[in-house]
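Input: a single structure, listed below in structure tokens.
Protein chains: 2
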Amino acid sequence: MQTQGQVRSANLAAVLACLRDGGPRSRARLAADTGLTKATVSSLVAELVERGLVVEGALVRPGSVGRPSTLVELDGRGFCGIGVEVNVDYLAALALDPTGTVRRETRLALDVAALAPAEVLARASALVSEVRAGQGAAAVGLTVAVPGQVQGAVVRTAPNLPRWVGTDVAAGFADQGLPVTVANDADLSALAEVSAGPHAHVADLVYLTGEVGVGGGVVTGGQLLRGSTGVGGEVGHLALTPGDAVCGCGRTGCWETVVGLAALLRAAADPGDPLRDPGRDLEDRLAEVVARARAGDARTLEALAGIGTGLGVGAAVLVALFDPAVVVLGGYFAEVGEFLLDPLRAALAQRVEDADRVVLSTLGFTAAVRGGAHVALQPVFDNPTSVPLLEAPA
Amino acid sequence: MQTQGQVRSANLAAVLACLRDGGPRSRARLAADTGLTKATVSSLVAELVERGLVVEGALVRPGSVGRPSTLVELDGRGFCGIGVEVNVDYLAALALDPTGTVRRETRLALDVAALAPAEVLARASALVSEVRAGQGAAAVGLTVAVPGQVQGAVVRTAPNLPRWVGTDVAAGFADQGLPVTVANDADLSALAEVSAGPHAHVADLVYLTGEVGVGGGVVTGGQLLRGSTGVGGEVGHLALTPGDAVCGCGRTGCWETVVGLAALLRAAADPGDPLRDPGRDLEDRLAEVVARARAGDARTLEALAGIGTGLGVGAAVLVALFDPAVVVLGGYFAEVGEFLLDPLRAALAQRVEDADRVVLSTLGFTAAVRGGAHVALQPVFDNPTSVPLLEAPA
DNA sequence: AGACAATAGTGCAGAGACCGAACGAATGGG
DNA sequence: CCCATTCGTTCGGTCTCTGCACTATTGTCT
Chain G
1 MQTQGQVRSA NLAAVLACLR DGGPRSRARL AADTGLTKAT VSSLVAELVE RGLVVEGALV
61 RPGSVGRPST LVELDGRGFC GIGVEVNVDY LAALALDPTG TVRRETRLAL DVAALAPAEV
121 LARASALVSE VRAGQGAAAV GLTVAVPGQV QGAVVRTAPN LPRWVGTDVA AGFADQGLPV
181 TVANDADLSA LAEVSAGPHA HVADLVYLTG EVGVGGGVVT GGQLLRGSTG VGGEVGHLAL
241 TPGDAVCGCG RTGCWETVVG LAALLRAAAD PGDPLRDPGR DLEDRLAEVV ARARAGDART
301 LEALAGIGTG LGVGAAVLVA LFDPAVVVLG GYFAEVGEFL LDPLRAALAQ RVEDADRVVL
361 STLGFTAAVR GGAHVALQPV FDNPTSVPLL EAPA
Chain L
1 MQTQGQVRSA NLAAVLACLR DGGPRSRARL AADTGLTKAT VSSLVAELVE RGLVVEGALV
61 RPGSVGRPST LVELDGRGFC GIGVEVNVDY LAALALDPTG TVRRETRLAL DVAALAPAEV
121 LARASALVSE VRAGQGAAAV GLTVAVPGQV QGAVVRTAPN LPRWVGTDVA AGFADQGLPV
181 TVANDADLSA LAEVSAGPHA HVADLVYLTG EVGVGGGVVT GGQLLRGSTG VGGEVGHLAL
241 TPGDAVCGCG RTGCWETVVG LAALLRAAAD PGDPLRDPGR DLEDRLAEVV ARARAGDART
301 LEALAGIGTG LGVGAAVLVA LFDPAVVVLG GYFAEVGEFL LDPLRAALAQ RVEDADRVVL
361 STLGFTAAVR GGAHVALQPV FDNPTSVPLL EAPA
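Just so you know, the sequences run in chain order G and L.
Counting from 1, one number per residue, gives the positions in the first sequence under UniProt numbering.
Counting from 1, one number per residue, gives the positions in the second sequence under UniProt numbering.
Shown next, in the form of structure tokens:
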């Protein structure tokens, strides 16, 4: 903090955060909640209105006597953040406005692994253009979620998209003319979980996503855990069990060889079973697993229970180390969650306290794009003065 | 940030931090380093001098032409922070001044487990008085390190000091008239490692301390990992290996049953061996282990190699999850480190990249008290205006 | 020896931001 | 119809930083 201009900016941000986290309220309540005086809040609100970030809302009758208050609320019309996801078998994009409302959302099935990265990026950018089009809200930023480790804007490792290693993902969206951030999909999903929904504002959360591999995102103390080289929270290749299955990373015993989607399919069906047909869409096969389990097929249920137990063993380590308030299961874990939770909690309860903190994600496959859009909007909330004034001050 | 008074405070803190982290320097360089103007820095330095936090030092001749600069440096004479440690078989206390210099240090062997907590606290408080006495520096705070999990000022769990559970440790130091903080010893040691010495300012670090059990302290993104209930970084009871050894916590397979001091002694000597004599001081026995290892005793070396391998297996999990720049081994691990590092790094290298990031602590058994004293001093650096003016402004 | 350039540090007027108190606005109750 | 209550604004005051001018001190060049 150096200049009083930054004080102004910080206080504008405090008012915005208050409105975002606690909903619309009067200037008087904003003053009480932020500790600022009513005079200052009036001035701050006026500036935020000029920047198109908040609007005056309804008049609210007080409970008893007194002048009615004018609600102040976030203005969702002016801006939005864009999240876009490149995953193994689909692309997705989403526009989120400052109020937390999803403005546009789209998804495109695509065999990403079979195409050149440049080709995929062109289609993803087209998807972004589609999401941006036809709405008054100006996009303020773009975040790209990729299933791998990212350094800067470049993919460093991507077990399920090996051709993407070394790709500068941000460059593929240069035509959008927006600030572009590239990040790991599980990390962004974790941020999505703590930014909205039932776990909003939880400061310590672990997100696990089941894909072909297993991804993890960890939030501690309200911050995303990154680690010294940006590889923190890498749960897929934890060496938990001295198992013999060889992982894509070349080692044995990695957690994802135990609880990844491949492990489930192997355990649930013999070679020759349609579930093991590598040419079939993974989503289709997963739907069939769910159908068999619901029909009570013993082999399937046993396989799912095995995954649940394996998850519990690993989750015990994560719970002991991170002490999260909640462990959220996303990706395919959420889809088959009803069959996982009991064995998972049983295994977890043997090892740590409070096994009930494991829950299923309600965001589905939109978690990553939602988190990405949230990240893209963040600069507006952090520094409201970066948003231009709408009309010249009189 | 609400008032411009807090701007002043933040800028005073910025100047102090600059001097602490980068050493003495002129006002002009402070201005360049903090981004403030020279005029502002002059004003800030004047106030810090009035509060007894910095002093003017030597005149430095410039390399070529120009007026010589007056160095400004931290004043270590006025204040100190106190760290005190209650451990299984000793008490220790240390006074640290703002320059990072240890002013007084003392240690007292004591069979803490055999005494009532109140009795031990009385002796610890006497130790603090001893450290405070006879120096002009006024203590600004006191931090107590205990080998267990702490909530507020109360011990929640302490495997090796079971009688202490529920003890209000801060109350035992009320007679000192200082703000008292109580914290886990491994957490404080981790803070000590990142606050001074070869790993100063490392933002991501894992500290492991070998005692009867195993303690862990984790710093991520420059912050101590606490978790939702303050139990984060609890490494001792990680269920890593499906071993059969029963842990003090009642479960099996906990890491500390594999790499704790008890495991080492069990592996290094048969029952009846003097090393296994429970009546003997642990330090003595540890010294004998080192002596035997240095003499080349095969059984001892094998036992130590086993510990090293076990450490490597667990460290692989920690490295994968936290991605620390460095893993520091403290406690007994550091004392026998020369025999652990090779097998440890071998086991680690099989599982993660960069096994060389594991190193031995150079702080020895003073890590916890040092970290505690650092924590006690922190409020002065965070908010210099909390320190009273020495002389009334003219 | 003297002028000059370079660097360090201070003095001062001004602008920006918040605060506190007083004031006008809007409403329900007696 | 008056008053208490609550909301929001206006205005003067204070604090802090900034930018520029100015002094201080030294080495170098002529």
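The beta carbon of each residue, even a glycine, is placed where N, CA and C say it ideally should be.
If we ignore side chains and look at the alpha-carbon of each, how far apart do residue 251 (chain L) and residue 349 (chain G) end up? Here residue 251 (chain L) is taken as the residue at index 251 of the second sequence, counted from 1. Here residue 349 (chain G) is taken as the residue at index 349 of the first sequence, counted from 1. For residue 251 (chain L) and residue 349 (chain G), the distance between alpha carbons rounds to 11 Å.
Got a sec, what are the start and stop residues for the alpha helix (DSSP H) residue 85 (chain L) sits in? Walking along the second sequence from the start, residue 85 (chain L) turns up at place 85. First-last for residue 85 (chain L): 79 to 86, but that is the beta strand (DSSP E), not the alpha helix (DSSP H).
For residue 392 (chain L), collect the residues of the same chain with a Cβ closer than 6 Å to its Cβ; drop the 5 residues on either side in sequence, then sort them by chain order. Sequence index remark: in the second sequence, residue 392 (chain L) carries index 392 (1-based). Any reading at residue 392 (chain L) needs caution, since the residue's pLDDT is 42, under 50, leaving its predicted position unreliable; the model's value is listed next. Excluding positions up to five away in sequence, the list is empty.
Would you decide whether residue 149 (chain G) is buried or exposed? Buried here means 16 or more other CB atoms lie within 10 Å of its CB. Taking the first sequence and counting its residues from 1, the one referred to as residue 149 (chain G) is at position 149. Here residue 149 (chain G) is buried, its C-beta having at least 16 other C-beta atoms within 10 Å.
Residues of the segment 226 to 238 of chain L whose Cβ lies closer than 8 Å to any Cβ of chain G, in chain order: So the close ones are 226, 227, 228, 229, 230, 231, 232, 233, 234, 235, 237, 238.
Where do the ends of the beta strand (DSSP E) carrying residue 91 (chain G) lie? Position 91 of the first sequence, counting from 1, holds the residue named residue 91 (chain G). That run of the beta strand (DSSP E) goes 90 to 96.
Report all residues from its chain with a CB closer than 8 Å to the CB of residue 173 (chain G); omit the five preceding and five following residues, and keep chain order. Reading the first sequence from its first residue, position 173 is the one you call residue 173 (chain G). Closer than 8 Å at Cβ, skipping near neighbours: 84, 121, 124, 125, 128, 142, 144, 180.
From the DSSP output, in three-state form, read off residue 108 (chain L) for me. Your numbering for residue 108 (chain L) matches position 108 in the second sequence. When DSSP states are grouped into helix, strand and coil, residue 108 (chain L) belongs to the strand group.
Quick check: the Cα distance between residue 325 (chain G) and residue 46 (chain L), rounded to an integer number of angstroms? Mapped onto the first sequence, residue 325 (chain G) falls at position 325. Mapped onto the second sequence, residue 46 (chain L) falls at position 46. Near 46 Å, if we compare the C-alpha coordinates of residue 46 (chain L) and residue 325 (chain G).
CB contact flag (residue 216 (chain G), residue 234 (chain G), <9 Å): Within the first sequence, the letter at position 216 stands for residue 216 (chain G). Within the first sequence, the letter at position 234 stands for residue 234 (chain G). In contact: residue 216 (chain G) and residue 234 (chain G) (Cβ atoms closer than 9 Å).
Spatial neighbours of residue 54 (chain G) within its chain, please: CB distance less than 7 Å, with the 5 preceding and 5 following residues excluded, ordered by chain position. The residue labelled residue 54 (chain G) in the question sits at position 54 within the first sequence. Sequence-distant partners of residue 54 (chain G) (beyond 5 residues in either direction) whose C-beta falls short of 7 Å from its own C-beta, in its chain, are 19, 45, 48, 72, 73, 74, 75.
Just to confirm the assignment, what range does the alpha helix (DSSP H) spanning residue 378 (chain G) have? In the first sequence, the residue the question calls residue 378 (chain G) occupies position 378. Its alpha helix (DSSP H) spans residues 367 to 382.
Extent of the continuous beta strand (DSSP E) run through residue 157 (chain L): In the second sequence, the residue the question calls residue 157 (chain L) occupies position 157. Per DSSP, residue 157 (chain L) belongs to the beta strand (DSSP E) from 154 to 157.
At a CB-CB cut-off below 8 Å, which residues of chain L make contact with residue 48 (chain G)? Along the first sequence, read from residue 1 onward, the residue named residue 48 (chain G) stands at position 48. Close partners of residue 48 (chain G) in chain L (Cβ separation under 8 Å) are lacking, with about 16 Å as the shortest Cβ gap.
Need the endpoints of the alpha helix (DSSP H) that residue 314 (chain G) sits in, please. Position 314 of the first sequence, counted from the first residue, corresponds to residue 314 (chain G). Looking at the DSSP string, the run of the alpha helix (DSSP H) that includes residue 314 (chain G) is 298 to 322.
Can you give me, in chain order, the residues of the segment 314 to 330 of chain L that have a beta carbon less than 7 Å from any beta carbon in chain G? Interface annotation for the segment 314 to 330 of chain L against chain G: 316, 317, 320, 321, 322, 323, 324, 325, criterion Cβ-Cβ distance under 7 Å.
Out of G:131, G:116, G:388, G:3, which one is the CA nearest neighbour of residue 106 (chain G)? One-based indexing of the first sequence puts residue 106 (chain G) at position 106. It is G:131 whose Cα lies nearest to the Cα of residue 106 (chain G).
For residue 27 (chain L), decide whether its Cβ has a neighbour in chain G, counting only Cβ atoms nearer than 9 Å. Stepping through the second sequence from its first residue, residue 27 (chain L) is reached at position 27. No, its Cβ sits nowhere closer than 9 Å to a Cβ of chain G.
Are residue 59 (chain G) and residue 81 (chain G) close, meaning C-beta to C-beta below 9 Å? Locating residue 59 (chain G) in the first sequence gives position 59, counting from the first residue. Locating residue 81 (chain G) in the first sequence gives position 81, counting from the first residue. No; because the gap between Cβ atoms is not below 9 Å, this pair is not in contact.
Tell me whether residue 78 (chain G) is buried or exposed, calling it buried when 16 or more other Cβ atoms sit within 10 Å of its Cβ. As a first step, residue 78 (chain G) must be located in the first sequence, where it is residue number 78. When all chains shown are included, residue 78 (chain G) counts as buried.
Kindly indicate the opening and closing residues of the alpha helix (DSSP H) around residue 174 (chain L). Translated into the one-based positions of the second sequence, residue 174 (chain L) becomes position 174. First-last for residue 174 (chain L): undefined, no H or E at that position.
Please tell me whether residue 202 (chain L) has its Cβ less than 9 Å away from any Cβ of chain G. Locating residue 202 (chain L) in the second sequence gives position 202, where the first residue counts as 1. At a cut-off of 9 Å between C-beta atoms, residue 202 (chain L) counts as an interface residue with respect to chain G.
Just to confirm, is the Cβ distance from residue 286 (chain G) to residue 332 (chain G) under 9 Å? Counting from 1 along the first sequence, the entry for residue 286 (chain G) is found at position 286. Counting from 1 along the first sequence, the entry for residue 332 (chain G) is found at position 332. Between residue 286 (chain G) and residue 332 (chain G), the gap from beta carbon to beta carbon is short of 9 Å.
Measure the alpha-carbon distance for residue 266 (chain G) versus residue 146 (chain G) and round it to whole angstroms. The residue you call residue 266 (chain G) lines up with position 266 of the first sequence. The residue you call residue 146 (chain G) lines up with position 146 of the first sequence. Roughly 26 Å between the two C-alpha positions.
Could you tell me whether the segment 369 to 376 of chain G touches the segment 190 to 206 of chain G, where touching means 3 or more Cβ pairs closer than 8 Å? With a cut-off of 8 Å on Cβ pairs, the segment 369 to 376 of chain G is in contact with the segment 190 to 206 of chain G, counting three or more such pairs.
Could you work out which residues of chain L lie near residue 223 (chain G), taking near to mean beta carbons separated by less than 9 Å? Residue 223 (chain G) sits at position 223 when you count from the first residue of the first sequence. Contacts between residue 223 (chain G) and chain L, judged by CB atoms closer than 9 Å, involve 220, 221, 223 in chain order.
At a CB distance below 8 Å, what residues from the segment 99 to 132 of chain G approach chain L? Give them in sequence order. Taking 8 Å as the upper bound on Cβ-Cβ separation, chain L lies near no residue of the segment 99 to 132 of chain G.
Name the one or two DSSP bridge partners that residue 25 (chain L) has. Stepping through the second sequence from its first residue, residue 25 (chain L) is reached at position 25. Looking at the DSSP assignment, residue 25 (chain L) forms a beta bridge with L:72.
Buried versus exposed call for residue 353 (chain G) [16 or more other C-beta atoms within 10 Å across all chains shown]: For the purposes of this step, residue 353 (chain G) is taken as the residue at position 353 of the first sequence. The residue is exposed, with fewer than 16 neighbouring Cβ atoms inside 10 Å.
Taking 7 Å as the limit between beta carbons, can you name the residues of its chain near residue 28 (chain G), skipping five residues before and five after? Counting from 1 along the first sequence, the entry for residue 28 (chain G) is found at position 28. Counting only Cβ-Cβ distances below 7 Å, and skipping sequence neighbours, we find 38, 69.
Please list the partners that residue 251 (chain G) has in chain L, where partner means a Cβ-to-Cβ separation under 8 Å. On the first sequence, residue 251 (chain G) is found 251 positions in, with the first residue counted as 1. Ordered by position in chain L, the residues that pass the 8 Å Cβ test against residue 251 (chain G) are 350, 351.
Going by C-alpha distance, which of L:116, L:103, L:115 is nearest residue 134 (chain L)? Your numbering for residue 134 (chain L) matches position 134 in the second sequence. The shortest C-alpha to C-alpha distance from residue 134 (chain L) to any of L:116, L:103, L:115 is the one to L:103.
Looking at residue 327 (chain L): is its Cβ nearer than 9 Å to the Cβ of residue 290 (chain L)? Stepping through the second sequence from its first residue, residue 327 (chain L) is reached at position 327. Stepping through the second sequence from its first residue, residue 290 (chain L) is reached at position 290. In terms of Cβ geometry, residue 327 (chain L) and residue 290 (chain L) do not form a close pair [threshold 9 Å].
Determine the burial state of residue 335 (chain G): buried for a count of at least 16 other Cβ atoms within 10 Å of its Cβ, exposed for fewer. Position 335 of the first sequence holds residue 335 (chain G). Residue 335 (chain G) comes out buried.
Among G:224, G:225, G:138, G:226, the one whose alpha carbon lies nearest that of residue 51 (chain G): Mapped onto the first sequence, residue 51 (chain G) falls at position 51. For the options G:224, G:225, G:138, G:226, the alpha carbon positioned closest to that of residue 51 (chain G) is the one of G:138.
Candidates G:109, G:229, G:163: which alpha carbon is nearest residue 117 (chain G)'s? In the first sequence, counting from the first residue as 1, residue 117 (chain G) sits at position 117. Ranking G:109, G:229, G:163 by CA distance to the CA of residue 117 (chain G) puts G:163 first.
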